[in-house]
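Student: Note that the protein sequences, when read in sequence, are chains A and B. This note's numbering numbers the first residue of the first sequence as 932 and each following residue consecutively. This note's numbering numbers the first residue of the second sequence as 93 and each following residue consecutively. For glycine and all other residues, C-beta sits at the position ideal for the given N, C-alpha and C. Please read through the structure below; I'll follow up with questions.
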Amino acid sequence: MTDYAAAGIQPIVQGLVTVPSGVASGVLAFTGRGALPVPGRTIGVTLVPMGVIVLTLDVGLPGNAGAIEPFPDNAIPPTLLPVAPLPRTLITMRSPAAGVATTINSVSVAYGNFSVPTPMDGSLRQIAITLAAGAFLTDPVPTGGTPPTGGANGFEIIVWAGVESP
Amino acid sequence: MTDYAAAPAQPIVQGLLSVRGIESVLISFFGIGIVQTGPFAPLRNGAGDYTLTLDPGLPGDVAIDPPFGRVLLNVRATAGTPTAVVSKSITYITSPSANPVLVGANQVRILLANLAGVGIDPENALEIIIWRGDAGVELVNANIIGGTPNVVFP
């Protein structure tokens, strides 16, 4: 097969995030490779709100896993923008049930060190996924309380380094 | 590594689009596959409305056949604050300067909107990946869905 990719996709994370209890703010489960949810859904003593899922990258993988570059590397002149220029993330909601549309229409990500110390090289080790129905944060559970209801039955996530070629 | 992909993803564009500058009228593209300078630099037509030109300097399909175009758009926002971007779509723009059948689309136009359908910029940035959906596969299993093609017999 001819390889003509300008920048190939070699995921460092591929997994499925669910809330097995089906109850919003419940314990998260990650089925896959490359990351794990923050234990207890807390940062320090603060409970991470429903709809915000923080995953810590697995440092045991080959490649650049577990350490996202914080700024453009080797830029001339040196620049601090854009932040985290390399990672790419794909998130796909799973329907609450067959034929039932998810109510989660606001999906975004942020890269940072939310509950872990920043390494000496400044790299970013965590991904925060924010899910909402309109303006209301919600977990990906089939019945998410009030509001919203419907939610989703988990979500699929893939993360990779977007620019590996010069 | 064993390659068993039926239709591998080989992106021709991977980058990060961010809006910045005075009154947020400038956009910048960091990555690969999009022309970044000159008259075909990324253009912000309005809030959440961008025109990007594929980079002719890359190997492979720098002008993509629209039916085969595949795109991933992912919003970056502040952790814990829902993004207002709930509508993301793309249009492939065929080149007007040559036969579009032969050239394909050398530009894409991306539209982001909020719940009210009003164009809106991403809070932080937008990740963009574009690839050709059937790369490397023989179309023996292709399902052609649509009207009956016009078949002309001699």
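Quick one: using the 10 Å Cβ neighbour count with 16 as the cut-off for buried, is residue 976 of chain A buried or exposed?
Tutor: On the first sequence, position 45 is the one that residue 976 of chain A refers to. Label assigned to residue 976 of chain A: exposed.
Student: Taking Cβ positions, are residue 263 of chain B and residue 1041 of chain A nearer each other than 8 Å?
Tutor: Past the boundaries of the shown model lies residue 263 of chain B; chain B is included only from 93 to 246, so the question cannot be answered.
Student: Measure the C-alpha to C-alpha separation of residue 160 of chain B and residue 225 of chain B and round it to an integer number of angstroms.
Tutor: For this step, residue 160 of chain B is matched to residue 68 along the second sequence. For this step, residue 225 of chain B is matched to residue 133 along the second sequence. For residue 160 of chain B and residue 225 of chain B, the distance between alpha carbons rounds to 5 Å.
Student: Would you say residue 1043 of chain A reaches chain B, if we count a Cβ-Cβ gap shorter than 8 Å as a contact?
Tutor: On the first sequence, position 112 is the one that residue 1043 of chain A refers to. Yes, its Cβ sits closer than 8 Å to a Cβ of chain B.
Student: Determine which residues of the segment 1046–1067 of chain A have a Cβ less than 7 Å from any Cβ of chain B, and write them out in chain order.
Tutor: Answer set for the segment 1046–1067 of chain A: 1059, 1061, 1063, 1065 and 1066.
Student: Spell out the partners DSSP gives residue 224 of chain B in its beta bridges.
Tutor: Taking the second sequence and counting its residues from 1, one reaches residue 224 of chain B at position 132. The partner list for residue 224 of chain B (beta bridge, DSSP) reads B:161.
Student: Classify residue 197 of chain B: buried if its beta carbon has 16 or more other beta carbons within 10 angstroms, exposed otherwise.
Tutor: The residue labelled residue 197 of chain B in the question sits at position 105 within the second sequence. With 16 or more other Cβ atoms within 10 Å, it is buried.
Student: Could you spell out where the beta strand (DSSP E) holding residue 944 of chain A opens and where it closes?
Tutor: As a working mapping, residue 944 of chain A is identified with position 13 in the first sequence. Where residue 944 of chain A is concerned, the enclosing beta strand (DSSP E) stretches over 942–949.
Student: Compute the Euclidean distance between the alpha carbons of residue 200 of chain B and residue 971 of chain A, then round it to the nearest angstrom.
Tutor: Sequence index remark: in the second sequence, residue 200 of chain B carries index 108 (1-based). Sequence index remark: in the first sequence, residue 971 of chain A carries index 40 (1-based). Those two C-alpha atoms are separated by around 43 Å.
Student: Whole-angstrom Cβ separation of residue 1059 of chain A and residue 1043 of chain A, contact assumed at under 8 Å?
Tutor: Here residue 1059 of chain A is taken as the residue at index 128 of the first sequence, counted from 1. Here residue 1043 of chain A is taken as the residue at index 112 of the first sequence, counted from 1. That pair is a contact at about 7 Å.
Student: Kindly identify the DSSP beta-bridge partner or partners of residue 1024 of chain A.
Tutor: In the first sequence, the residue the question calls residue 1024 of chain A occupies position 93. Paired residues: A:1086.
Student: May I have the straight-line CA-CA distance separating residue 1025 of chain A from residue 1089 of chain A, to the nearest angstrom?
Tutor: Locating residue 1025 of chain A in the first sequence gives position 94, counting from the first residue. Locating residue 1089 of chain A in the first sequence gives position 158, counting from the first residue. Residue 1089 of chain A has its alpha-carbon roughly 14 Å from the corresponding atom of residue 1025 of chain A.
Student: Return yes when the Cβ of residue 185 of chain B is within less than 8 Å of the Cβ of residue 202 of chain B, no when it is not.
Tutor: Within the second sequence, the letter at position 110 stands for residue 202 of chain B. Within the second sequence, the letter at position 93 stands for residue 185 of chain B. In this structure, residue 185 of chain B does not lie closer than 8 Å to residue 202 of chain B by Cβ.
Student: In terms of alpha-carbon separation, which member of B:97, B:111, B:210 and B:150 lies closest to residue 134 of chain B?
Tutor: Position 42 of the second sequence, counted from the start, is the residue given in the question as residue 134 of chain B. Out of B:97, B:111, B:210 and B:150, B:111 has the C-alpha closest to the C-alpha of residue 134 of chain B.
Student: In the DSSP assignment, the beta strand (DSSP E) including residue 118 of chain B goes from what residue to what residue?
Tutor: Position 26 of the second sequence, counted from the first residue, corresponds to residue 118 of chain B. Residues 118–124.
Student: Just to make sure I have the definition right: I need the residues of chain A whose C-beta is within less than 8 Å of the C-beta of residue 210 of chain B. Which are they?
Tutor: Walking along the second sequence from the start, residue 210 of chain B turns up at place 118. Those do not exist, as residue 210 of chain B stays about 14 Å from chain A at its closest Cβ, beyond 8 Å.
Student: In the DSSP assignment, the beta strand (DSSP E) including residue 137 of chain B goes from what residue to what residue?
Tutor: The sequence position of residue 137 of chain B within the second sequence is 45, counting from 1. That run of the beta strand (DSSP E) goes 135–138.
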